[in-house]
Every structure is written in structure tokens, then in C-alpha cells.
Amino acid sequence: MHEVALARGLLEIVERTLTPRDRRVVRVNVSIGAAAGIVSESLTFAFLAIAEGTRAQGAELVITTVPARSRCRACKTSYAFEGLIGRCPGCGCLGGELQSGNEMVLQTIEVADV
Ligand SMILES: [Zn+2]
1 MHEVALARGL LEIVERTLTP RDRRVVRVNV SIGAAAGIVS ESLTFAFLAI
51 AEGTRAQGAE LVITTVPARS RCRACKTSYA FEGLIGRCPG CGCLGGELQS
101 GNEMVLQTIE VADV
């Protein structure tokens, strides 16, 4: 359940970003790398639960999954893949050097002042 820890970290960043003028959070947009192993539904559920009683209570968490990129160790082909592990389209090797796709990025926070 590392989604709970992620949701907590996310909420901390959101709260740190808010100014006193921002009365409530309407929407939080995050992107998650396909290889991060994060279950969107779990993250949303955890975020909603943790945000209770904060200015982010009831905010919509919008999650966009972005493909991961890996570089083959054998033939050095760089390729995008879905899921936790990729297969090189060049030589068929599994895995490789993960270049992106195991991260969660907070894109935008939409707030309302009423
Ligand atoms: Zn390869």
C-alpha cells in the first residue's frame, strides 16, 4: 500500500503550494509513469481519505498514465512501453535501463477562492 504514502506526500506538496487566498482545491492533476507500479484507484481512494478535513477535501484527483521509456542494455535501443517491464523491439531483450516511467509528477493544482 505505498499509495497511502504517495497520497500523503502529494497532499503535503499541495498544502505547501496553497496560499492563504486559496480557499479550496478543486482538482489536482498528476501524471504517473506506467512502470511506477501505482494503482490509480488506490491512490485516488487514499488521497480522498487523507484530504478529509483539509482544503483539498472533495478535490478531484485526475491521474494520467504516461508510458515508460527504457534503453536496451544489449542493443542500446530506446523504446516506450506499457506496464512494469518492457521488451526491446530491436532484439527482444526484457528490461533494460529505465529512463523514465517510475515517477509521479504533480502537474497542476486548480483552486477556488470561494
Ligand atoms: Zn535490444
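So the sequence shown is numbered by my numbering: it starts at 1 and just counts up by one. For each residue, glycine too, the CB sits at the ideal point set by N, CA and C. Given the structure is predicted, the values throughout are model-derived calculations rather than measurements.
Assigned exposure category for residue i - 16 Cβ within 10 Å defines buried
i     : result
LEU10 : buried
CYS72 : buried
ARG69 : buried
CYS88 : buried
GLY37 : exposed
GLU3  : buried
ILE32 : buried
Opening and closing residue of the alpha helix (DSSP H) in which residue i lies
i      : result
ALA112 : Careful: ALA112 lies outside any alpha helix (DSSP H), inside the beta strand (DSSP E) at 104 to 112.
ARG8   : 2 to 17
ILE50  : 40 to 51
Delimiting residues of the beta strand (DSSP E) encompassing residue i
i     : result
THR77 : No beta strand (DSSP E) holds THR77; DSSP gives it neither H nor E.
THR64 : 60 to 66
ARG27 : 24 to 33
GLN99 : 97 to 100
heavy atom of ligand 2 below 7 Å from residue i C-beta
i     : result
PRO20 : Ligand 2 is absent from the structure shown, which contains only ligand 1.
task = With a cut-off of 5 Å, give the chain-ordered residues whose Cβ is closer than this to any heavy atom of ligand 1.
result = CYS72, ALA74, CYS75, THR77, CYS88, GLY90, CYS91, CYS93
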